[in-house]
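Visitor: Numbering (this note's numbering), first residue to last: 3 to 298. Quick reminder that beta carbons are idealized off the backbone N, C-alpha and C, glycines included. Here the structure is a predicted model, which means the values were calculated and not measured. Sharing a structure below in structure tokens format, with a few things to ask.
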Amino acid sequence: MRLPGDESLRILVVVAHPHDVCHMGGTCAHHVERGDSVSVVAITGGQRTHNEKLADELRKPSDRQDTKVVHGSQDDYAKRKKEEFARACAVFGVTDVTVLPFSDHPLEATEDVVSALAEILYAVRPQLILTHAPYTLPDRRFHYAWVNDHTAAGIAVQKALNHVSIPDTSMGRSPHRVAAIYYTGIDYGFHEVDVCIDISDQVENRIKAEEIFESQGHTAEFAIKRIESSAGFQGWKAGTGYAETFIRGYREISRCLSVTKENLQLAGSSHEERLRWITGENPHDDEQDVSRQRRE
3 MRLPGDESLR ILVVVAHPHD VCHMGGTCAH HVERGDSVSV VAITGGQRTH
53 NEKLADELRK PSDRQDTKVV HGSQDDYAKR KKEEFARACA VFGVTDVTVL
103 PFSDHPLEAT EDVVSALAEI LYAVRPQLIL THAPYTLPDR RFHYAWVNDH
153 TAAGIAVQKA LNHVSIPDTS MGRSPHRVAA IYYTGIDYGF HEVDVCIDIS
203 DQVENRIKAE EIFESQGHTA EFAIKRIESS AGFQGWKAGT GYAETFIRGY
253 REISRCLSVT KENLQLAGSS HEERLRWITG ENPHDDEQDV SRQRRE
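What follows is the structure, given as structure tokens:
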């Protein structure tokens, strides 16, 4: 339930490949939990991404290769990933999922890709977007000569946002602008991220979502290790159990400076309480449970 006066948000998540949503899954779950609308779009089906079974088969001598794997359909692989994508999103409470029909490796911010994203922006009219950064170097200004799929996805989103910000006289549609955009910090150093979302309560779901992507060779052991190493490390650096990190795409405008409730709690915590934060045992969980019961 929501507190009186709270405004629900329309959130759009745009990723390059189906699995990429996992890096933002805990954050999505929190927003679904608070009553926000969350839609997720994968620009590609990931047909050529992390097909580890095929890669391993091609490493074998030709006379020992499984021809069914070597000559398997990329469409079948993409269909399997699409199913995994929907299941992974459902773990975080997200049911509005879309996979666009574009190819990966390379993904390019073509006119068709931008137009497809623009149509989704018109339909959803999100106030907040989560996506990939449209740059590859941490100073946020320059690109490598080679742009990867994640960067291309971020560029496509920026182009689509520019497209819908202009009145569409041909269709009679009003322009749309988003209030905030956040880039996933999964590929960036901790000194580059601006926001850390405490997802200690979503660790099991993050592991479960990772494990769903069997098409990429993920196992239960791998899923646990990956979340401990990534979300666990980001949480450690933030002073909490597990975290998903983001980089602000837009400057935040406010009448006053703000401090989050979590930062205030952490600043006022004892050493013992801070250790409980870091180990994922939030010392304020009981307090939050009471608050949640009041809202309900």
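What is the rounded straight-line gap between the Cα of L109 and the Cα of A18?
Guide: Between L109 and A18, the C-alpha separation is close to 8 Å.
Visitor: Can you tell which of E283, Q236, P128 has the C-alpha that lies nearest to the C-alpha of Y190?
Guide: Answer by Cα proximity: Q236.
Visitor: Go ahead and pull the three-state DSSP assignment for S202.
Guide: Reduced to three states, the DSSP call for S202 is helix.
Visitor: Do S202 and T242 have their C-beta atoms within less than 8 Å of each other?
Guide: Cβ distance < 8 Å, so S202 and T242 count as in contact.
Visitor: Leaving out the 5 sequence neighbours to the left and right, which residues in its chain are closer than 6 Å to I214 when beta-carbon positions are compared?
Guide: So the list reads E86, R89, A90, once near-sequence residues are dropped.
Visitor: Pull up the distance between the alpha-carbon of K239 and that of K62, whole angstroms please.
Guide: Near 42 Å, if we compare the C-alpha coordinates of K62 and K239.
Visitor: Which residues does DSSP list as the beta-bridge partners of D98?
Guide: Paired residue(s): S41.
Visitor: Check each candidate in L119, E216, A44 and name the one with the smallest Cα separation from H165.
Guide: Considering only alpha carbons, the answer is L119.
Visitor: Can you tell which of V126, R50, Q67, Y184 has its C-alpha closest to the C-alpha of S75?
Guide: For the residues V126, R50, Q67, Y184, the minimum Cα distance to S75 belongs to R50.
Visitor: Name, in chain order, the residues that DSSP records as bridge partners for A182.
Guide: DSSP, once it has assigned bridges, lists L130 as partnering A182.
Visitor: Does the Cβ-Cβ distance between Q204 and A31 come in under 8 Å?
Guide: Contact: yes.
Visitor: On the DSSP letters alone, give me the boundaries of the alpha helix (DSSP H) that I226 sits inside.
Guide: Element bounds for I226: 222-231.
Visitor: Going by DSSP, what residue range makes up the alpha helix (DSSP H) through I280?
Guide: It spans 273-280 - the alpha helix (DSSP H) in which I280 sits, taken as one unbroken run.
Visitor: Buried or exposed: where does N207 fall if 16 or more other Cβ atoms within 10 Å of its Cβ makes it buried?
Guide: N207 is buried by the Cβ-count criterion.
Visitor: For V72 and H52, what's the separation of their Cα atoms in angstroms?
Guide: So the two alpha carbons sit approximately 14 Å from each other.
Visitor: In terms of residue numbering, what span does the alpha helix (DSSP H) encompassing L163 cover?
Guide: Where L163 is concerned, the enclosing alpha helix (DSSP H) stretches over 151-166.
Visitor: What number of angstroms, rounded off, separates the C-alpha of I199 from the C-alpha of L268?
Guide: The straight-line gap from Cα to Cα measures roughly 14 Å.
Visitor: To the nearest whole angstrom, what separates the beta carbons of A111 and A158, a pair I think is in contact under 8 Å?
Guide: 4 Å between Cβ atoms; contact.
Visitor: Quick check: what's the CA-CA separation for W279 versus A245?
Guide: Going by the C-alpha atoms only, they are around 11 Å apart.
Visitor: Give the single residue among R36, V16, E254, E230 whose Cα lies nearest to the Cα of L102.
Guide: L102 has its Cα closest to that of V16, out of R36, V16, E254, E230.
Visitor: Tell me the rounded alpha-carbon separation between P177 and P169.
Guide: If you take the alpha carbons of P177 and P169, they lie about 5 Å apart.
Visitor: Buried or exposed: A147, going by 16 or more other Cβ atoms within 10 Å of its Cβ?
Guide: Residue placement at A147 cannot be trusted, given a pLDDT of 49 that sits under 50; the coordinates are not used to answer.
Visitor: Would you identify the three-state DSSP class for L11, choosing helix, strand or coil?
Guide: Residue state, collapsed to three classes: coil.
Visitor: Please check the pair F248 and T171, which I expect to be a contact at CB under 8 Å, by giving their CB distance rounded to whole angstroms.
Guide: That pair is no contact at about 35 Å.
Visitor: When you compare only the Cα positions, how much space is there between L14 and A181?
Guide: Their backbone Cα atoms lie some 12 Å apart in a straight line.
Visitor: Do R127 and R12 have their beta-carbon atoms positioned less than 8 Å apart in this structure?
Guide: Yes, Cβ-Cβ distance for R12 and R127 is below 8 Å.
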